[in-house]
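For what it's worth, numbering that gives the first Met the number 0 labels the leading residue of the sequence shown as 0, then goes sequentially.
Where a beta carbon is used, it is the ideal one built from N, C-alpha and C, also for glycine.
Have a look at the structure below, then the notes.
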Amino acid sequence: MAAAAADLVIGWCIFGLLLLAILAFCWIYVRKYQSQRESEVVSTVTAIFSLAVALITSALLPVDIFLVSYMKNQNGTFKEWANANVTVQIEQTVLYGYYTLYSLILFCVFFWIPFVYFYYEEKDDDDTSKCAQIKTALKYTLGFVMICALLLLVGAFVPLNLPSNKNSTEWEKVKFLFNELGSSQGIAALSFSISSLTLIGMLAAITYTAYGMSALPLNLIKGTRNAAYERLENTEDMEEVEQHIQAIRAKSKDGRPLPARDRRTLKQCEERLRTLRKRDRHLEFIQNSWWTKFCGALRPLKIIWGIFFILVALLFVISLFLSNLDKALHSAGIDSGFIIFGTNLSNPLNMLLPLLQTVFPLDYILITIIIMYFIFTSMAGIRNIGIWFFWIRLYKIRRGRTRPQALLFLCMILLLIVLHTSYMIYSLAPQYVMYGSQNYLIESNVTSDVHKGNSTLSVPKRCDADAPEDQCTVTRTYLFLHKFWFFSAAYYFGNWAFLGVFLIGLIVSCCKGKKSVIEGVDDESDISDDELSAYSV
């Protein structure tokens with residue numbers, strides 16, 4: 000008992016250190032990308048807080064799996080300290096953790112981030128007072144709060160179980176709904192709201208994560224263009240533009256005014272020359288920077304990381320394809336959300352996790368790596384694509400030059416993608432996410448040669464959907480993921496779309512050439528020389 004308690008204390012201490020690491024990572028990431036000229040304290044704190052909430056929520060998944068697995072021995076029996084009261088207490092602790100984090104996510108998505116965003120949108124108008132900015136921001140944020148309240152109400156009263164008496168009155172049906180709401184402890188309402196956000200996160204993952212999974216490793220392998228070679232090309236372009244400008248101005252040496260067409264061309268050439276000169280200064284800075292020389296020395300390591308990331312991407316894509324194919328062939332159908340009992344087609348990840356369970360804590364390390372891989376590839380996808388509203392580009396994500404509004408958008412998208420990550424991992428290893436490494440005992444008839452008869456022997460079996468409820472504890476993550484079948488059906492079709500976008504992104508990334516060493520400077524000529532040091536790092 001004392002040893003078990005000590006192990007749990009150590010586990011929670013490790014989780015606490017993980018929280019500190021998450022906060023440090025969020026602070027570094029936000030500070031790295033925010034604009035130095037438009038840095039604001041409120042937007043910075045909001046971005047760091049929302050991103051930290053997303054990462055902490057994702058970190059709770061391996062903790063949830065570890066706790067349900069830790070309560071049982073490998074022979075299928077519960078540990079001595081894991082009596083009914085302790086088991087319920089652990090389940091409730093994890094459940095309250097999800098309540099807290101999911102409530103914080105709803106608060107960030109539907110109130111805090113929209114309020115800060117609209118506040119800074121109004122701040123761009125110099126004639127507006129602070130009081131008016133707050134009122135306008137609250138007015139727009141009220142719409143998001145109403146959407147959140149509507150989702151909670153719908154989730155609370157959607158009948159998951161129908162009344163047994165089909166001839167019951169309307170009042171009895173209403174009483175049944177309220178009894179269901181009380182018995183679910185608010186899980187249904189919160190699950191519906193979170194599942195709605197997860198559905199949006201699925202669209203963001205299809206757009207950004209699927210592309211980032213191909214773009215990130217190939218960019219690491221290909222690298223960037225040589226700064227000296229780019230500067231040579233840029234010098235040639237400058238000379239060509241200067242000659243064109245001189246040729247146009249030569250037409251007006253005798254005092255004749257230039258035609259309107261030549262004046263427009265001259266203006267465009269002068270603007271182009273200014274951009275090229277600024278680009279030349281940036282290339283010179285990059286060429287002589289110590290950071291460029293340091294990155295050049297790390298080039299072999301980047302290639303190794305790129306190969307590693309592309310192998311992980313292929314492992315993930317093959318596993319997701321086989322898992323979805325298994326659901327298409329052996330699931331209970333769309334009406335059940337393509338739920339599947341057992342595994343008919345094994346995928347590499349689903350086979351790898353049970354093997355790693357034999358050596359603690361390799362399986363939890365792998366789950367953590369998968370989650371972090373999703374986050375990094377999502378960040379890479381957002382950086383490469385930018386933030387769009389249909390065909391309109393709203394913001395670009397650039398190191399040291401990201402506006403406060405774009406930073407808030409970035410963190411909200413990452414928050415939604417992290418929500419969808421839990422379901423993606425469930426799609427890859429459903430039995431593992433539901434039960435971890437739990438076993439339960441079943442009675443098996445064994446033929447004995449000594450006594451020449453049959454005897455009954457209890458043998459351990461991996462927990463699955465057929466296991467008795469009192470023998471296998473389901474993770475709290477699963478309770479939130481599969482309350483509503485129509486969300487599960489949408490996730491199933493979303494996985495196919497994810498695979499399609501990954502293949503398209505892989506083809507596009509292979510066809511694209513090397514990125515410029517100062518990519519983004521050309522199309523955003525308002526960058527100042529003072530910001531270049533932050534950008535180059």
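Which term fits residue i, buried or exposed, when burial requires 16 or more other beta carbons within 10 angstroms of its beta carbon?
i, result
"Asn82", "exposed"
"Cys268", "buried"
"Ala227", "exposed"
"Leu328", "exposed"
"Tyr587", "Not covered by the structure: residue 587. The range shown for the chain is 0 to 536."
"Phe389", "exposed"
"Val87", "exposed"
"Gln33", "buried"
"Asn74", "exposed"
"Asn164", "Low local confidence applies: a pLDDT of 49 at Asn164 is under 50, so the model's placement there is unreliable, with the coordinate-based value given in what follows. With fewer than 16 Cβ atoms within 10 Å of its Cβ, Asn164 is classed as exposed."
"Ile285", "buried"
"Leu405", "Residue identity check: residue 405 is Ala in the sequence provided, not Leu. Buried is the call here."
"Val40", "exposed"
"Val173", "A caution first: Val173 carries a pLDDT of 44, below 50, which makes its placement in the model unreliable, though a value can still be read off. Answer is exposed; the Cβ neighbour count stays below 16."
"Ser345", "exposed"
"Cys25", "buried"
"Ser213", "buried"
"Ser457", "exposed"
"Glu229", "buried"
"Arg278", "buried"
"Ile506", "exposed"
"Asn323", "buried"
"Phe492", "exposed"
"Gln356", "buried"
"Gln430", "buried"
"Ile539", "One cannot answer for residue 539 here, as it falls past the ends of the chain, which runs 0 to 536."
"Pro113", "buried"
"Gly15", "exposed"
"Val52", "buried"
Over the uninterrupted alpha helix (DSSP H) stretch that includes residue i, give me the two end residues.
i, result
"Leu363", "In the sequence as presented, Leu is not what sits at residue 363; that position holds Tyr. Per DSSP, Tyr363 belongs to the alpha helix (DSSP H) from 361-384."
"Arg392", "Here Arg392 belongs to no alpha helix (DSSP H); instead the beta strand (DSSP E) covers 391-394."
"Phe77", "First-last for Phe77: undefined, no H or E at that position."
"Asp63", "40-69"
"Ile503", "484-510"
"His419", "403-427"
"Phe315", "298-329"
"Asp465", "From DSSP, Asp465 is part of no alpha helix (DSSP H); its letter is neither H nor E."
"Pro256", "Looking at the DSSP string, Pro256 is not in any alpha helix (DSSP H), and its letter there is neither H nor E."
"Tyr210", "209-221"
"Val240", "226-249"
"Arg475", "475-480"
"Asn343", "No alpha helix (DSSP H) contains Asn343, which DSSP labels as neither H nor E."
Give me, in chain order, the residues of the same chain whose beta-carbon lies closer than 6 Å to that of residue i; leave out the 5 immediate sequence neighbours on both sides.
i, result
"Ser182", "Residue placement at Ser182 is flagged as unreliable, the pLDDT there being 46, under the threshold of 50; the coordinate-derived value follows with that caveat. Nothing meets the Cβ criterion."
"Trp304", "Leu219"
"Thr197", "Leu418, His419"
"Thr56", "Leu100"
"Ile244", "Cys268"
"Ile366", "Pro61"
"Leu54", "Ile21"
"Cys471", "Tyr434, Gln437, Tyr439, Cys462"
"Ile205", "Ala496, Phe497, Val500"
Could you pull out every residue in the same chain whose Cβ sits closer than 7 Å to the Cβ of residue i, ignoring the five residues on either side in sequence?
i, result
"Lys250", "Leu257, Asp261"
"Ala264", "First, the residue type needs correcting, since residue 264 is Thr and not Ala in the sequence shown. Result list for Thr264: Ile247, in chain order."
"Ala46", "Val29, Leu406, Leu407, Cys410"
"Ala23", "none"
"Leu18", "Ile55"
"Val516", "Thr223, Arg224, Ala226, Glu229, Ile285"
"Leu498", "Val316, Leu319, Phe320"
Is there a Cβ from chain C that is less than 8 Å from the Cβ of residue i?
i, result
"Pro258", "Although the question refers to chain C, the structure presented lacks it and comprises just one protein chain."
If residue i sits next to residue j, beta carbons under 8 Å apart, how far is it from one beta carbon to the other, in whole angstroms?
i, j, result
"Tyr207", "Ser377", "5 Å"
"Phe483", "Phe48", "That belief does not hold up - the Cβ atoms of Phe483 and Phe48 are roughly 29 Å apart, past 8 Å."
"Leu414", "Val144", "Leu414 to Val144, Cβ: 17 Å. No contact."
"Glu37", "Pro403", "6 Å"
"Thr140", "Phe117", "6 Å"
"Lys395", "Gly385", "5 Å"
"Ile133", "Pro216", "No, Ile133 and Pro216 are not in contact; Cβ-Cβ is about 45 Å, not under 8 Å."
"Ser194", "Ile338", "Actually they are not in contact, since the Cβ atoms of Ser194 and Ile338 sit about 15 Å apart, beyond 8 Å."
"Ala209", "Phe501", "4 Å"
"Met237", "Leu202", "Not a contact, Cβ separation roughly 44 Å."
"Ser426", "Thr476", "Contact doesn't hold; Cβ gap of about 13 Å is too wide."
Only counting the same chain, and skipping five residues up and downstream in sequence, which positions put a Cβ closer than 8 Å to that of residue i?
i, result
"Ala131", "Glu121"
"Phe110", "Thr140, Phe143, Val144, Cys147"
"Val473", "Val67, Met433, Tyr434"
"Asn233", "Leu275, Arg278, Asp279, Leu282"
Which runs of the alpha helix (DSSP H) fall wholly inside the stretch 103-136 and span at least 4 residues, in chain order?
112-122
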